[in-house]
Structures are given as structure tokens and as C-alpha cells.
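Using this note's numbering, the first residue of the sequence shown is number 1, and each one after it goes up by one. In this text, a Cβ means the ideal position worked out from N, Cα and C, and glycines have one as well.
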Amino acid sequence: KLKSFSLLQEAIVPYIPTLIGQLTHKLLLVSKNPSKPHFNHYLFESLCLSIRITCKANRDTVGSFEEALFPVFTEILQNDVQEFVPYVFQVMSLLLEIHTSSIPSSYMALFPHLLQPVLWERTGNIPPLVRLLQAYLEKGATTIASTAADKIPGLLGVFQKLIASKANDHQGFYLLNSIVEHMPPDSITQYRKQIFILLFQRLQSSKTTKFVKSFMVFINLYCVKYGAIALQEIFDDIQPKMFGMVVEKIIIPEVQKVSGQVEKKICAVGITKILTECPAMMDTEYTKLWTPLLQALIGLFELPEDDSIPDDEHFIDIEDTPGYQTAFSQLAFAGKKEHDPIGDAVNNPKILLAQSLHKLSTACPGRVPSMLSTSLPAEALQFLQGYLQAATVQLV
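Here is the structure:
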């Protein structure tokens with residue numbers, strides 16, 4: 001059935017309401033006794049595909065899917081049909097991601113249940129649940145802030161649980177990044193310092209390459225969202241001179257390990273802001289880090305990625321998964337497209353760096369060229385000249 005669905009695409013749009021009725025009925029039946037894993041998997045794939053095809057033709061049909069599916073989903077979640085729960089989360093994410101305006105109240109009614117610790121005990125639930133919460137944040141952050149602010153500590157509790165695990169810490173960062181990107185700033189002000197403290201405790205107790213890469217993307221996203229001064233101040237507020245320590249001991253030596261186009265772009269834009277929009281980098285003891293940080297950024301642009309992993313980290317993924325529960329069953333047709341939080345605001349980070357350095361140099365004439373000429377290696381300087389030419393700007 002799935003294959004014929006996939007081939008027919010638009011041709012079946014008129015028949016989807018009938019099909020949905022049948023699929024939903026089937027779903028109710030098998031959820032009472034889920035004994036055929038392959039059949040169940042394809043049943044959910046068929047649902048996803050029919051949602052995709054129909055909503056591509058007409059976004060407004062998403063409501064009729066929700067009407068048909070939510071009662072069944074509610075029953076599956078209430079009866080805790082373990083085999084089906086991860087699938088339900090994926091289909092719900094797909095539906096919620098289709099919405100263009102505010103988040104429907106049917107989703108908000110479910111929101112508190114998604115934060116229940118028992119759901120997060122099962123490894124198989126974690127990836128689809130994180131994605132679902134990300135969809136909630138993307139579509140409903142203002143609603144959460146205004147009508148469910150008392151649930152923000154629960155949301156942060158999930159993040160805290162995830163980053164404590166070497167296997168799931170990256171999922172914790174996915175959630176945290178969505179919180180920083182979408183939540184109205186004043187709704188999370190009171191929690192910000194605690195978030196950074198939790199991350200530091202984890203860095204001190206067990207620093208792994210994977211954690212450091214995620215941490216780096218997070219602090220640069222924070223910088224892009226709230227500004228370089230806010231980033232410097234939150235660090236130095238936890239402990240004096242801590243910002244310099246992070247730049248020197250983490251960003252400069254480790255940024256070459258960041259992987260993924262979007263992740264590299266976030267780091268490039270964040271580091272550019274640290275270099276050009278943070279007065280402390282120009283006139284305190286942090287100034288000695290300015291050129292090494294610029295060199296690290298040029299390295300991020302020009303050098304091959306460092307994908308080496310220390311010997312003692314090769315076996316992390318399995319060590320703290322409590323008893324193998326059903327593995328995560330990824331639905332192909334529920335796939336999520338990659339999201340770039342910076343988007344079109346910055347198309348070319350090299351040009352942004354050149355323009356930002358130009359602006360900085362006009363604010364303090366003579367300083368930038370002298371910092372470059374005294375300590376930036378010739379090869380890096382050559383690359384930088386190329387960016388400045390491409391951006392048609394000069395340093396003064």
C-alpha cells in the first residue's frame with residue numbers, strides 16, 4: 001500500500017478523507033494489540049505520506065487530519081502503548097510543523113503531558129519527543145510564555161536530564177537551542193544563568209568532543225540572539241574572567257571540530273560578533289585573545305574539519321542507555337527539513353566578517369591593522385585580504 005501511495009501522490013488527494021478514516025480505524029484496532037512491527041511501521045508511514053501529499057496541495061486540510069487522529073493518539077498516549085508512542089510523536093510533529101499561524105489549543109492541552117519524566121525514561125521516545133517540543137517552541141513560544149509559563153521549569157528539567165547523559169546530550173542541546181531561538185527573551189531571563197552553570201558542571205565532570213561541539217554551537221547561537229556583550233557578561237557574572245577562559249580553552253582550540261553547514265555558520269557569525277561587537281575584547285586583558293580568535297575563525301572557513309575523536313571516547317554512545325528498550329523507529333515520511341536559525345540574514349559569513357571588521361576599524365582607527373600586522377600569520381592575513389576585497393571594504 002505504501003508504495004502505491006508514494007507513486008500516486010496528487011492523484012489520490014480526493015480519496016484521502018476516505019483513506020484517513022480507514023487508516024485511523026486500522027490504527028485503533030492494532031493499538032489494542034500491536035503484534036506486527038512491520039505492519040505498524042508502514043501504517044504510520046502511510047499516515048505521514050497522506051498528510052504530506054494532502055497538505056502540500058492544501059495546507060488547510062491539516063485540521064481534518066488532526067480531528068481524525070487526535071482521539072486515537074490521545075488513547076494511545078493514555079494507555080501508554082509503548083510501541084506506538086514514538087510514532088505518535090513523529091506524526092504530531094509533522095502536523096504541527098505544517099501550521100503557519102499560532103499553535104492550536106488541542107496541542108497546548110497536551111503540552112504538560114509531554115514533560116512527564118516517565119516518558120523521558122525510554123530511550124526510544126527521546127528523539128521524536130525532542131523534535132515535537134522543538135515544533136511546539138517554533139510554532140507556539142509566545143503562547144507557552146503567556147499561558148504556560150509555569151511549564152518552562154519543566155521544559156528546562158528535560159534539558160537538564162538530557163545533557164547529563166553522554167548518549168543524549170546532543171538532544172538536550174537541540175531543545176536548548178530552540179528555547180533560545182524562539183522563546184521571548186524576558187520569559188527565560190531568570191533561568192539563563194542556571195542554564196550556563198549546568199553546562200559548566202557537565203564540562204567539568206565529563207568533557208567529551210560531542211559535548212564540546214554542541215556547547216560551542218549553543219554559545220554562538222546565544223551570541224547571535226542576545227549579542228556578544230550579553231554572552232561575555234553572563235560568563236563573567238558566573239565567575240570573573242570566565243569568558244576569557246571559554247574563548248581561550250574552548251572556542252579557539254576546538255572550533256575546527258564543529259561539523260555541519262548550519263552549525264559552522266552559527267559559529268562563524270557568533271565569533272564575528274565576539275571579535276567586533278564586544279568592547280571587552282578590545283580593551284581588557286581579553287585583548288590578547290583577539291588575534292588568536294580571528295585566526296581560529298579564518299581556520300574554520302579555510303581549513304579541513306578536524307574529525308579526530310580521542311581514543312577514550314569511541315564507545316560513548318552505548319554506555320549509558322539503560323537496558324535496550326525498543327530502538328527509535330524513524331519514519332522516512334515524517335522527515336524534518338534542516339533548519340537554519342540565521343537564515344537569509346547572513347548569506348556569506350566571510351563577507352560579514354569583512355564588513356564587521358571594517359565597521360570596528362572605523363570606530364577605533366589604527367587599532368585593527370596594527371593588531372593584525374603584529375600577530376596574524378601571513379597565510380591567514382592573505383585569506384582575510386581576500387574577504388575584504390570580496391566585500392569591497394578596507395580597514396582604517
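C-alpha distance - residue i paired with residue j, whole-angstrom precision
i	j	result
Ile152	Ile144	8 Å
Gly154	His358	44 Å
Thr272	Asp307	23 Å
Ala167	Gly124	12 Å
Arg59	Leu303	43 Å
Val269	Pro349	6 Å
Gln232	Cys278	8 Å
Gln385	Arg192	38 Å
Ala109	Ile98	18 Å
Tyr286	Pro377	19 Å
Tyr87	Leu331	8 Å
Ile351	Phe383	12 Å
Val368	Ser146	45 Å
Lys38	Leu297	In the sequence on display, residue 38 carries His and not Lys. Between His38 and Leu297, the C-alpha separation is close to 48 Å.
Gln121	Gly157	The question names Gln, but residue 121 in the sequence shown is Glu. When rounded, the distance between both Cα atoms is 13 Å.
Lys241	Gln90	44 Å
Ser246	Ile229	Checking the sequence, you will find Val at residue 246 rather than Ser. The straight-line gap from Cα to Cα measures roughly 14 Å.
Ala380	Ala390	16 Å
Burial state of residue i, where buried means 16 or more other Cβ atoms lie within 10 Å
i	result
Thr100	exposed
Ile309	exposed
Pro127	buried
Lys213	buried
Ala57	exposed
Gly399	For residue 399 there is no data in the structure shown, the boundaries of the chain being 1 and 396.
Asp320	In this prediction, Asp320 scores a pLDDT of 42, lower than 50, which makes its location untrustworthy; no coordinate-derived value is stated.
Ser370	exposed
Val118	exposed
Lys139	buried
Ser206	exposed
Thr54	buried
Which listed residue (the options) has its alpha carbon closest to that of residue i
i	options	result
Leu176	Asp186, Gln160, Ala167, Ser187	Gln160
Ile238	Gln194, Leu28, Ser105	Gln194
Glu313	Val246, Thr208, Leu360	Thr208
Gln256	Glu67, Val246, Lys241, Met216	Met216
Ala164	Leu294, Pro86, Gln201	Gln201
Gly244	Cys223, Ala230, Ala280, Thr276	Ala280
Gln45	Leu203, Thr189, Leu23, Asn33	It should be noted that the sequence gives Glu, not Gln, for residue 45. Among Leu203, Thr189, Leu23, Asn33, the Cα nearest to that of Glu45 belongs to Leu23.
Gly366	Met282, Pro292, Pro253	Met282
Glu248	Asn33, Gln295, Ser64, Leu28	Gln295
Pro34	Pro104, Phe111, Leu199, Asp80	Asp80
Under 8 Å between C-beta atoms of residue i and residue j
i	j	result
His182	Lys210	no
Ala334	Leu388	no
Ser259	His41	no
Phe84	Ser31	yes
Glu66	Ser102	no
Ile219	Ile342	no
Val62	Leu95	yes
Phe173	Ile234	no
Thr374	Val396	no
Ser93	Arg52	no
Gln134	Ser178	yes
Ala141	Pro184	yes
Trp290	Leu300	no
Val262	Glu338	yes
Leu137	His113	no
Ile252	Leu293	yes
Leu399	Val180	The chain is shown only over 1 to 396; residue 399 falls outside these bounds and no answer can be derived.
Ser64	Pro104	no
Near the ligand ATP: residue i beta-carbon under 7 Å from a heavy atom
i	result
Gln382	Annotation note on the ligand ATP: not contained in the displayed structure, which lists no ligands.
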